[in-house]
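Chemist: This structure is in structure tokens; I'll ask about it shortly.
2 protein chains.
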Amino acid sequence: MNRTLTALAALSLVTVTTAAAGETPALEAQASAALDGDPHAWDFVAGITTEVGPRQAGTEAEARGRAWAMQWLKAKGFANIADEPFMMDTWIPGDIARARVTAPFAQDLVVLPLGNSGATPAGGIEAEAVFFRTVDELRAAPAGSLAGKIAYISHQMRPAQDGSHYGFAGPARWVGPGIAASKGAIGAVIKSVGTDHHRNPHTGGTSFPEGIAAIPAGALSLPDAENLERMFARADRRSVTLRLEMNPRQIGQTQSGNVVGEIVGRNPLLPPVLLACHIDSWWNAPGAFDDGAGCAIISAAALHVRQSGQPLRTIRVLLAGAEETGLWGSKAYSEAHIDEPIAVGIESDFGADRIWRFESNFRQSNPALHKRIAAAVARFGVSNGSDVATGGADLNIVRDQQGALVDLQQDGLRYFDLHHTPDDTLDKIDKAQLRQNVAVWTMVVGILANESNSILTGGPIPAAPAIMQE
Amino acid sequence: MNRTLTALAALSLVTVTTAAAGETPALEAQASAALDGDPHAWDFVAGITTEVGPRQAGTEAEARGRAWAMQWLKAKGFANIADEPFMMDTWIPGDIARARVTAPFAQDLVVLPLGNSGATPAGGIEAEAVFFRTVDELRAAPAGSLAGKIAYISHQMRPAQDGSHYGFAGPARWVGPGIAASKGAIGAVIKSVGTDHHRNPHTGGTSFPEGIAAIPAGALSLPDAENLERMFARADRRSVTLRLEMNPRQIGQTQSGNVVGEIVGRNPLLPPVLLACHIDSWWNAPGAFDDGAGCAIISAAALHVRQSGQPLRTIRVLLAGAEETGLWGSKAYSEAHIDEPIAVGIESDFGADRIWRFESNFRQSNPALHKRIAAAVARFGVSNGSDVATGGADLNIVRDQQGALVDLQQDGLRYFDLHHTPDDTLDKIDKAQLRQNVAVWTMVVGILANESNSILTGGPIPAAPAIMQE
Chain A
1 MNRTLTALAA LSLVTVTTAA AGETPALEAQ ASAALDGDPH AWDFVAGITT
51 EVGPRQAGTE AEARGRAWAM QWLKAKGFAN IADEPFMMDT WIPGDIARAR
101 VTAPFAQDLV VLPLGNSGAT PAGGIEAEAV FFRTVDELRA APAGSLAGKI
151 AYISHQMRPA QDGSHYGFAG PARWVGPGIA ASKGAIGAVI KSVGTDHHRN
201 PHTGGTSFPE GIAAIPAGAL SLPDAENLER MFARADRRSV TLRLEMNPRQ
251 IGQTQSGNVV GEIVGRNPLL PPVLLACHID SWWNAPGAFD DGAGCAIISA
301 AALHVRQSGQ PLRTIRVLLA GAEETGLWGS KAYSEAHIDE PIAVGIESDF
351 GADRIWRFES NFRQSNPALH KRIAAAVARF GVSNGSDVAT GGADLNIVRD
401 QQGALVDLQQ DGLRYFDLHH TPDDTLDKID KAQLRQNVAV WTMVVGILAN
451 ESNSILTGGP IPAAPAIMQE
Chain B
1 MNRTLTALAA LSLVTVTTAA AGETPALEAQ ASAALDGDPH AWDFVAGITT
51 EVGPRQAGTE AEARGRAWAM QWLKAKGFAN IADEPFMMDT WIPGDIARAR
101 VTAPFAQDLV VLPLGNSGAT PAGGIEAEAV FFRTVDELRA APAGSLAGKI
151 AYISHQMRPA QDGSHYGFAG PARWVGPGIA ASKGAIGAVI KSVGTDHHRN
201 PHTGGTSFPE GIAAIPAGAL SLPDAENLER MFARADRRSV TLRLEMNPRQ
251 IGQTQSGNVV GEIVGRNPLL PPVLLACHID SWWNAPGAFD DGAGCAIISA
301 AALHVRQSGQ PLRTIRVLLA GAEETGLWGS KAYSEAHIDE PIAVGIESDF
351 GADRIWRFES NFRQSNPALH KRIAAAVARF GVSNGSDVAT GGADLNIVRD
401 QQGALVDLQQ DGLRYFDLHH TPDDTLDKID KAQLRQNVAV WTMVVGILAN
451 ESNSILTGGP IPAAPAIMQE
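For the protein sequence lines, the chains are A and B, in the order given. Letter 38 of the first sequence, counting from 1, is numbered 38 in full-length UniProt numbering, and no numbers are missing. Letter 310 of the second sequence, counting from 1, is numbered 310 in full-length UniProt numbering, and no numbers are missing.
Rendered as structure tokens:
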């Protein structure tokens, strides 16, 4: 018998056993409890969607949302709760959004304005609609060729578990209207960047190039966009004319804010673990998936970790304001706190369906910790991903600090059915999947918040205070 | 060997073989062709939803729908096409429909008016909302107890394959607002009579008792109704107040019409087979399921039967006007044609999902024909039902004549997801299930249109002309 091999085998067995049996019994038990019956996440998302509802950035509704969240964090025993204000440019959607095909077939279409859309004159505009299958087709249109016309951009999105098709279809919204305006269009409508078939358009921000004035820009619901495309197909050389009326407007600078709260660690001088989400939604949706659920998940996980024993590091939740309208909160938070090192950042902003993959940006630099986390979440059906975590929209500070990031990828097949639509309501949340999120987060945050070394490197903490209280 | 028994067995075998091998090869082949690739039904429903769209009864949109349908029937070679006019009372929805909870939680709710709803004063009404779980709870409220208040009626509908829960939940809409008004309510909102969870309310007609003036009456989408109920649950003795603004109105008598067309039989003097659907929809939906699909199915089946050879009897399609707003077309058709016997009536008005059961009202009186039809449709997955067929809403004439009826029951599990909502769009139609409908209808109509005896009794035709041309 080869004793060396046996010893290696025994060591190997120990490693496996540790991974399988997991982390501290208290943390394992809390994660299991979260999976079976976490009450906090549902309480948060049901509460904010019912008692506040839609909460567009920079409006009184978002302010009510922040106040509600602070009260909730306080009731749950978070410390150092604050609403850190910042100013932002605010656009509001108005109360008129009408579209109608007037020829060759008369029919109303359901439309909503895109964020930063211009307004039509009162009474609307009516013009020939020009069909573009893709943004690239629009880009290829000759300069001035859209003068006096309304551009329609198709650019169909498809569901993908990792949401990757957003990158393919998103430009129709992000830059399509701006390109159309630069070629003379007096309006633009897009097929909603979404994957459902309900009469609820997907809004979201658009932008116009420097020096190009905003034109009226709206999203049609998927059924309406498909109907319009059938009309183009049946028009048989006749023009398709569209009437469009919308009255959104820019109202200048208003105040938003970032809500923060903490589970204070045993050594509050150590860089904290930052858990991010965003508190704002578009005006048209109570933001259950986007991102009430995210704030619910991170807050619930922080509570479960606390329940397993006071963590070494402070856990800070950042319920960012004004994400939808341009990451104002994320930028403001980074600016205000850039000199305060963050140990690691994690964000939840992709709905409430199950987490299926764990990724970090320290898989190479701190493989032991990466493997330990991967092993700890395997029992929840989460795989060990090899992609490099990039963090969510509200983790600007961590990217600016070039710090450690973890991504807990959620199943995105349903996400773009609901994203930025009125249908993003509480009933869409599957309670069992929501609890799986909380369980996985509890494990991951519990490990990270009790890690005494640098999370990014596994070595000593570069920016750590000289005296450790532990 | 018992020769009698053998003879019986042989006879039995022949019967079974006939049933299994089916009807004439030409008819069997047409039904199979319909199942595999019927082009007509999709052509109709895609056409009318794209080129006409919503077509509320008594409006110019319905008139466009009738004109479109006549043109389609003509292009397909139907004979004796006509638009038989009648007058009706017409209500229109207006262009304002807003609801907002103002206390204890401020949030907009998505609402649409019910047919025959009254209007609010300009600027709307604001009042305490009173929660009623069921219509019976509302009925039990003391007289005058709703003075100055807005009634909210919950009364949750559930999906059922046979749509039977409509009978349970429907009264919330049909009579709920009228009962509330009779107890002094100044407004009523109901949870949509529907089974989906999208932000698209289900409208539909309501009515008010004699002597009770119409009050503003609206349907909330299911997510909004559930949200309102959560607010009631969290109000904790505080009043829930609701603001409601709607501007529907009655516009008096306008004209509608019944579109008819025929596949003329070899003996046009025999009572015809009547295939019914309705051409109108509510204003908020292009009526793909309700009832573009029905008109598509009956017309396509008539064409397939013709393709299998000229039928003995005339097949008449009745694309009734103004079904949704009170069966005006059905009543007008019966009144105009009551003295012209109908051989048998069948209607398609329950969407486009697969047919699962065949029923007749001649199972007892003409068992041979009932069994023959049941055997002929078995290969399409259709069972032989023992319920007595009652016919659809547009078959008043057959009921008034106490004539023969066939019901081809469709799978209704999805029907009330879409019924009377903006979501009733073309994309909801499953092409394979639509074709199954056409195949089953082809078989059934083919058998009935070639039946020389009375369909109701199997005996000589009571009202038949003396000389048969066959």
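Beta carbons: idealized from backbone N, C-alpha and C, even for Gly.
Indicate whether A219(A) and L138(A) have their beta-carbon atoms separated by less than 8 Å.
Modeler: Their beta carbons are not under 8 Å apart, which means A219(A) does not touch L138(A) by this criterion.
Chemist: For P25(A) versus G257(A), is the C-beta distance shorter than 8 Å?
Modeler: Not in contact: P25(A) and G257(A) (Cβ atoms no closer than 8 Å).
Chemist: DSSP three-state call for D423(A): helix, strand or coil?
Modeler: In the structure shown, D423(A) sits in coil (DSSP, three-state: anything other than H, G, I, E or B).
Chemist: Does DSSP put E128(A) in a helix, in a strand, or in coil?
Modeler: The answer is strand: DSSP assigns E128(A) an E or B state.
Chemist: Could you compute how far the alpha carbon of G163(B) sits from the alpha carbon of A143(B)?
Modeler: Roughly 34 Å between the two C-alpha positions.
Chemist: Which value, in whole angstroms, describes the spacing of the CA atoms of K76(A) and L303(A)?
Modeler: For K76(A) and L303(A), the distance between alpha carbons rounds to 8 Å.
Chemist: Just to confirm the assignment: which complete alpha helix (DSSP H) runs, minimum length 4, are found wholly within the stretch 292-338 of chain A?
Modeler: As far as the stretch 292-338 of chain A is concerned, its whole alpha helix (DSSP H) runs of at least 4 residues are 293-307 and 328-337.
Chemist: Any C-beta of chain A within less than 9 Å: which residues of the stretch 37-59 of chain B qualify?
Modeler: Flagged, chain order: A46, G47, T49, T50, E51, V52, G53 and P54.
Chemist: Under a CB-based cut-off of 8 Å, is R199(A) close to chain B?
Modeler: Chain B contact via Cβ: present.
Chemist: Mapping the DSSP letters down to three states, classify L11(A) as helix, strand or coil.
Modeler: With a pLDDT of only 42 at L11(A), under the threshold of 50, the placement of this residue in the model should not be trusted, and no figure is reported.
Chemist: Any beta carbon of chain B sitting closer than 8 Å to that of D423(A)?
Modeler: True, the Cβ-Cβ gap to chain B drops below 8 Å.
Chemist: Could you name the residues of chain E that V110(B) contacts, counting a contact when the two beta carbons are closer than 8 Å?
Modeler: Reference to chain E is not applicable here, since the protein chains of this structure are A and B.
Chemist: Measure the beta-carbon distance from N80(A) to G261(A) and round it to whole angstroms, keeping in mind my assumption that it falls under 8 Å.
Modeler: At roughly 7 Å, the Cβ-Cβ gap stays under 8 Å, so N80(A) and G261(A) are in contact.
Chemist: Would you mind telling me which residues of chain A sit closer than 8 Å to F105(B), beta carbon to beta carbon, in chain order?
Modeler: Result: T50, E51, V52 and G53.
Chemist: Just the Cα atoms here: how many angstroms apart are A188(A) and A151(A)?
Modeler: Cα to Cα, the separation comes out at about 5 Å.
Chemist: Out of curiosity, what's the CA-to-CA distance linking Q253(A) and E210(A)?
Modeler: Near 19 Å, if we compare the C-alpha coordinates of E210(A) and Q253(A).
Chemist: In terms of alpha-carbon separation, which member of L270(A), A185(A), F78(A) and E324(A) lies closest to R55(A)?
Modeler: It is E324(A).
Chemist: Nearest CA to the CA of T102(B): which residue from S348(B), P121(B), A129(B) and T90(B)?
Modeler: Taking only the C-alpha atoms, the option nearest T102(B) is A129(B).
Chemist: Show which residues of chain B have a CB atom less than 7 Å away from the CB atom of M70(A).
Modeler: In chain order: nothing, as chain B lies at least about 17 Å away.
Chemist: Would you mind telling me which residues of chain A sit closer than 8 Å to N227(B), beta carbon to beta carbon, in chain order?
Modeler: Ordered by position in chain A, the residues that pass the 8 Å Cβ test against N227(B) are T49, T50, G53, P286, T425 and L426.
Chemist: According to DSSP, is N437(A) helix, strand or coil?
Modeler: Three-state DSSP puts N437(A) in a helix.
Chemist: From N450(A) to V438(A), what does the alpha carbon distance come to, in whole angstroms?
Modeler: Those two C-alpha atoms are separated by around 18 Å.
Chemist: Quick one: Cα of A9(B) to Cα of I447(B), how far?
Modeler: Below a pLDDT of 50, predicted positions are generally treated as unreliable, and A9(B), at 43, falls in that range; no measurement from the model is reported.
Chemist: Would you say P462(B) reaches chain A, if we count a Cβ-Cβ gap shorter than 8 Å as a contact?
Modeler: Cβ-Cβ to chain A under 8 Å: no for P462(B).
Chemist: Who are the neighbours of P223(A) on chain B, taking C-beta pairs under 7 Å?
Modeler: Per Cβ cutoff of 7 Å: T425 and D427.
Chemist: What's the gap between the Cα of Q30(A) and the Cα of T442(A)?
Modeler: Their backbone Cα atoms lie some 7 Å apart in a straight line.
Chemist: Spatial neighbours of S281(A) within its chain, please: C-beta separation below 6 Å, excluding the five flanking residues on both sides.
Modeler: Once the five neighbours on either side are set aside, the close Cβ partners of S281(A) are P54, R55 and G287.
Chemist: How do the stretch 285-299 of chain B and the stretch 421-429 of chain B stand: do at least 3 beta-carbon pairs fall below 8 Å, yes or no?
Modeler: Because the criterion of three Cβ pairs below 8 Å is met, the stretch 285-299 of chain B and the stretch 421-429 of chain B touch.
Chemist: Which residues in the same chain as D411(B) place their Cβ atom closer than 7 Å to its Cβ, once the five residues preceding and following it in sequence are excluded?
Modeler: Result list for D411(B): Q161, D353, R354 and W356, in chain order.
Chemist: Among K183(B), T195(B), K191(B) and A67(B), which residue has its Cα nearest to the Cα of P159(B)?
Modeler: The shortest C-alpha separation from P159(B) is found at T195(B).
Chemist: Buried or exposed: where does E229(A) fall if 16 or more other Cβ atoms within 10 Å of its Cβ makes it buried?
Modeler: Per the 10 Å Cβ criterion, buried.
Chemist: Give me the residue from L456(A), L434(A), K371(A) and I461(A) with the minimum Cα distance to G37(A).
Modeler: Residue L434(A) is the option with its Cα nearest to G37(A).
Chemist: Name the residue from A119(B), F358(B) and A147(B) whose alpha carbon lies nearest to the alpha carbon of I251(B).
Modeler: For I251(B), the nearest C-alpha among the options comes from A119(B).
Chemist: Straight-line CA distance for G124(B) to G326(A)?
Modeler: Taking the straight line from one Cα to the other gives about 35 Å.
Chemist: Is the Cβ of N231(B) closer than 8 Å to any Cβ of chain A?
Modeler: Correcting the residue identity first, residue 231(B) is Met in this sequence and not Asn. By this cut-off, M231(B) is an interface position.
Chemist: With three or more beta-carbon pairs closer than 8 Å as the criterion, would you say the stretch 363-372 of chain A touches the stretch 294-302 of chain A?
Modeler: No, the stretch 363-372 of chain A does not touch the stretch 294-302 of chain A.
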